[in-house]
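Heads up, the thing below is written out as structure tokens.
There are 2 protein chains.
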Amino acid sequence: MEDRVMMAHGSGGKLSHELVSRCFVGKLNNAWLARMDDSAVLETPGRLAFTTDSYVVTPLFFPGGDIGKLAVCGTVNDLSMSGAIPLYLSLAFIIEEGLVVSELEKIVDSIQRAAQEAGVSVVTGDTKVVQRGKADGLFINTAGIGHIPEGVNISGSNANAGDAVIISGTIGEHGMTIMAQREGLRFSGGLASDCVPLNSLVSEMLKACSDIHCMRDPTRGGVATTLNEIATQSHVGITIEDAAVPVRPPVRSMCELLGLDPLYIANEGKLLAFVPADRANALLNTMRRHKYGKDAAIVGWVTDERPGRVILRTRLGTSRILAMLSGDILPRIC
Amino acid sequence: MEDRVMMAHGSGGKLSHELVSRCFVGKLNNAWLARMDDSAVLETPGRLAFTTDSYVVTPLFFPGGDIGKLAVCGTVNDLSMSGAIPLYLSLAFIIEEGLVVSELEKIVDSIQRAAQEAGVSVVTGDTKVVQRGKADGLFINTAGIGHIPEGVNISGSNANAGDAVIISGTIGEHGMTIMAQREGLRFSGGLASDCVPLNSLVSEMLKACSDIHCMRDPTRGGVATTLNEIATQSHVGITIEDAAVPVRPPVRSMCELLGLDPLYIANEGKLLAFVPADRANALLNTMRRHKYGKDAAIVGWVTDERPGRVILRTRLGTSRILAMLSGDILPRIC
């Protein structure tokens, strides 16, 4: 039997990592891809960041956003996570024949609003249409270019023992909103995607603390997967206090009902930051003054024990390994 | 009845232009998009070009190339048409669940070879998977960044009355190859896609002639559509001598049999260049010494009559308007 791509290859979890390592990074071997960061740092005058993401979320519209807002925020956030100031986006549509034009227009309006909030310009684009049944309404790709200021050096490889781990707010809202929409769940009262552009928050953070080691937005695969990526890239251990992780009540109760762990649920407007412990409280105060960082919290720390592992200290006082997402809880979340 | 997106909206022809103008350029209003060039010229130190394209060609493999080679060459060529030296690509996959991994690997190998030939690096990427039946095997998006050298100023808006129009080689091979593959036509002897990266040809051209006004690669919609785009952007008339346009015999005979005009058939390794008439022969000689310009020919000239119109002088000595592609001869050609 031949190997086939499975849904879990696109989950952002373990199988995704294997596919990317084996099939793409291995073959397209270069120093940029090997870093496994969200953005490529380009050695041109002025240091640019350049990143890309395709968006295949279903449904196209959901409380708190739509595929267009997601396509802008996702790429703006990837750029921001390298400390870059997002400047330019490309925008490419793959449209299924039969998509209602007014829906497309609503999505483009939403792109425009999100781009305006983030202060980025969509500077180039492309449109393809495929036959009915050969796509699913609309797929969007955005690539982005940002400028990395002098002195900023942020990477998933830079976490150090002693760093504090900060989350910028409550987790799991994007994923649970999509799930509730898709499954027609009625008990999701007040739940909305957290999808927002994080560049203004990051800009405040960099002003307050020039010494941020890593930042990453925990999207597909959730906080648990992102922490595992950084533990691996930086060859460090990470310990997380479950009780310190902020989760809103509707997410908590939906997760309990469905047997899911919020640490694996996707976010689209949150970031994890790793900073020296003695800078953490000052940074936290700065973040909490920003509208997208109000619920920021210190959730853990970096150790030199068990490099590559993430340990969760539970509310019961026990500890267990928090693994990377394996399989796919919820396909097409972004 | 609501407006719906039709296949022709993705053809690169008239309906594509209407959709892009109305729905995207109108709403995402900025100076870069308004130029309607293939690449955005970014005002950063060193002038960068940045472009994107998604590739949805079917079948994924065809004589002369595959979707991977196409995804590199297409974006390299778009950058080259602005006079930029292509440097960096992003690469994003949307994969239909069930795609055979060995096919994906063949495609990545092909991407690598094409990137190597073009001298570009794939520096960032993304992978999404959608359920069986929600895509068609594989879609690829590439975005690209290139460096525009000092003094180069090439745009679809720069054609002047008196310019000669040069085509870099024989036309229609990519489109007719895909059609032959898809329809299982047996009489396509020796036909292969012309898909190649044109940046080394462009580099030789710029060395030989610093005064190239426009360049564009006639992909979807063919030479006729590209000429119409430039006539509109530059507010000039363009006259083309049908007999001067090089067409290989298998393309000629397939087109005759199927009632198609090679001027509307897609190319993936050809370019149109507009240069002052007194520089045309020297440039032509340079092009003919390059492996991808062997069959280059002067095919027409720019006038100040009937701005926005392209006139075809036929083999019979008559003249007719050569319109932009309307409808869609062959969907999913790239």
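The listed protein sequences derive, respectively, from chains A and B. Its first residue numbered 0, the first sequence is counted upward by one per residue in numbering that gives the first Met the number 0. Its first residue numbered 0, the second sequence is counted upward by one per residue in numbering that gives the first Met the number 0. By construction, the Cβ of each residue, glycine as well, lies at the ideal position given by its N, Cα and C atoms. Just so we're clear, the structure is a prediction, and the values are computed from it rather than from any experiment.
Stretch-stretch touch, CB-based, cutoff 8 Å, three pairs: the segment 198-214 of chain B with the segment 120-140 of chain B: When Cβ pairs closer than 8 Å are counted between the two stretches, the segment 198-214 of chain B is seen not to touch the segment 120-140 of chain B, the count staying below three.
Classify A/Pro85 as helix, strand or coil using the three-state DSSP reduction. Here A/Pro85 sits in strand by DSSP.
Excluding the 5 residues preceding and the 5 following A/Leu98 in the sequence, name in chain order all residues of the same chain whose CB lies nearer than 7 Å to its CB. Gly136 and Leu137, listed in sequence order.
Coil, strand or helix - A/Gly67 by DSSP: In this structure, A/Gly67 counts as helix in the three-state DSSP scheme.
Spell out the partners DSSP gives B/Ile297 in its beta bridges. DSSP lists B/Ile165 as partners of B/Ile297.
Considering just the uninterrupted stretch of the alpha helix (DSSP H) at B/His146, what are its terminal residues? Not the alpha helix (DSSP H): B/His146 falls in the beta strand (DSSP E), residues Leu137 to His146.
Members of the segment 223-239 of chain B near chain A, C-beta cut-off 7 Å: Hits within the stretch: zero.
Does the distance from the C-beta atom of A/Ala372 to that of B/Ala134 stay below 8 Å? Look at the range of chain A in this structure, 0 to 333, and you will see that residue 372 of chain A is not part of it.
Same chain only: Cβ atoms within 8 Å of B/Val107, ignoring 5 sequence neighbours per side: Here the set comprises Gly67.
According to DSSP, is B/Lys105 part of a helix, a strand, or is it coil? Helix.
Give the secondary structure of B/Cys333 by DSSP, where H, G and I count as helix, E and B as strand, and everything else as coil. The three-state secondary structure of B/Cys333, taken from DSSP, is coil.
A/Thr57 (DSSP reduced to helix, strand or coil): Shown here, A/Thr57 sits in coil according to DSSP, grouped into three states, outside any helix or strand.
Would DSSP call B/Ile344 helix, strand or coil? Residue coverage of chain B in this structure runs from 0 to 333, which leaves residue 344 of chain B outside it and unanswerable.
Assigned secondary structure, A/Ala281 (DSSP; H/G/I helix, E/B strand, else coil): Judged by DSSP in its simplified three-state form, A/Ala281 adopts helix.
Using the three-state DSSP reduction, which class does B/Met0 fall into: helix, strand or coil? Bear in mind that a pLDDT of 48 at B/Met0, under 50, signals an unreliable position, so the number given afterwards is only what the model happens to contain. B/Met0 sits in coil when the DSSP states are folded into three classes, being neither helix nor strand.
Option nearest B/Gly150 by Cα separation, candidates B/Ser81, B/Met178 and B/Ile165: The alpha carbon of B/Gly150 has as its nearest neighbour, out of B/Ser81, B/Met178 and B/Ile165, the alpha carbon of B/Ser81.
Of all the alpha helix (DSSP H) runs that stay within the bounds of the segment 203-267 of chain A, which reach a length of 4 or more residues? Every alpha helix (DSSP H) of 4 residues or more that sits fully in the segment 203-267 of chain A is shown, in chain order, as 221-233 and 248-257.
Does A/Ile332 pass the burial test, meaning 16 or more other C-beta atoms within 10 Å, or should it be called exposed? Flag for A/Ile332 reads buried.
Can you name the residues of chain B whose CB is closer than 7 Å to the CB of A/Glu182? Within chain B, no C-beta atom comes less than 7 Å from the C-beta of A/Glu182; the nearest is roughly 15 Å away.
With a threshold of 8 Å between beta-carbons, can B/Ile328 be considered close to chain A, or not? Taking 8 Å as the CB threshold, B/Ile328 stays off the interface with chain A.
With contact counted as at least three CB pairs below 8 Å, one residue from each stretch, are the segment 169-178 of chain B and the segment 80-94 of chain B in contact? No contact exists between the segment 169-178 of chain B and the segment 80-94 of chain B.
Buried versus exposed, by CB contacts within 10 Å (16 or more), B/Asn266: Its Cβ being crowded by 16 or more others within 10 Å, B/Asn266 is buried.
In three-state terms, what does DSSP make of A/Leu90? Reduced to three states, the DSSP call for A/Leu90 is strand.
Name, please, each residue of chain B whose Cβ falls closer than 8 Å to the Cβ of A/Ile153. Taking a Cβ-Cβ cut-off of 8 Å, A/Ile153 has no neighbours in chain B, whose nearest Cβ is about 16 Å from it.
Span of the beta strand (DSSP E) around A/Arg312: Val309 to Arg312 is the span of the beta strand (DSSP E), which, as asked, contains A/Arg312.
Reduced DSSP category for B/Ser79 - H, G, I as helix; E, B as strand; rest coil: In the structure shown, B/Ser79 sits in a helix (DSSP, three-state: H, G or I).
Using the beta-carbon count (16 or more within 10 Å), is A/His341 buried or exposed? No answer is possible for residue 341 of chain A: the residues shown for chain A start at 0 and end at 333.
Give the single residue among B/Ala191, B/Asp2, B/Ala160 and B/Arg215 whose Cα lies nearest to the Cα of B/Ile166. Comparing Cα-Cα distances from B/Ile166 to each of B/Ala191, B/Asp2, B/Ala160 and B/Arg215, the minimum goes to B/Arg215.
Can you list, in chain order, the residues of its chain whose CB lies under 6 Å from that of A/Ala223, leaving out five sequence neighbours each side? Within the same chain, A/Ala223 has close Cβ partners Leu262, Tyr263 and Leu321.
Taking a contact to mean a Cβ-Cβ separation below 8 Å, would you say B/Val75 touches B/Asn227 in this structure? For B/Val75 and B/Asn227, no; Cβs fall outside 8 Å.
Quick one: measure Cβ to Cβ for B/Ile297 and B/Val164, integer angstroms, because I've assumed they're closer than 8 Å. Approximately 7 Å separates the beta-carbon atoms of B/Ile297 and B/Val164; this is inside 8 Å, confirming the contact.
Given that a residue counts as buried once 16 or more other Cβ atoms are within 10 Å of its Cβ, and exposed if not, what is B/Pro58? Its Cβ having fewer than 16 others within 10 Å, B/Pro58 is exposed.
Write down the C-beta distance between B/Gly63 and B/Gly168 rounded to the nearest angstrom, noting that I regard them as a contact closer than 8 Å. Your pair B/Gly63 and B/Gly168 does not check out as a contact, with CB atoms roughly 13 Å apart and the cut at 8 Å.
Residue range of the unbroken beta strand (DSSP E) whose run includes B/Leu271: Where B/Leu271 is concerned, the enclosing beta strand (DSSP E) starts and stops at Leu271 to Pro275.
Members of the segment 116-147 of chain B near chain A, C-beta cut-off 8 Å: Under the 8 Å Cβ criterion, the segment 116-147 of chain B contributes Ser120, Val121, Val122, Thr123, Gly124, Asp125, Thr126, Lys127, Val128, Val129, Gln130, Gly132, Lys133, Ala134, Asp135, Phe138, Asn140, Ala142, Ile144 and His146.
Would you call B/Leu319 buried or exposed, if buried means 16 or more other Cβ atoms sit within 10 Å of its Cβ? Here residue 319 of chain B is Arg; the residue named in the question, Leu, does not match the sequence. For B/Arg319, the number of other beta carbons within 10 angstroms of its own is below 16, and it is reported as exposed.
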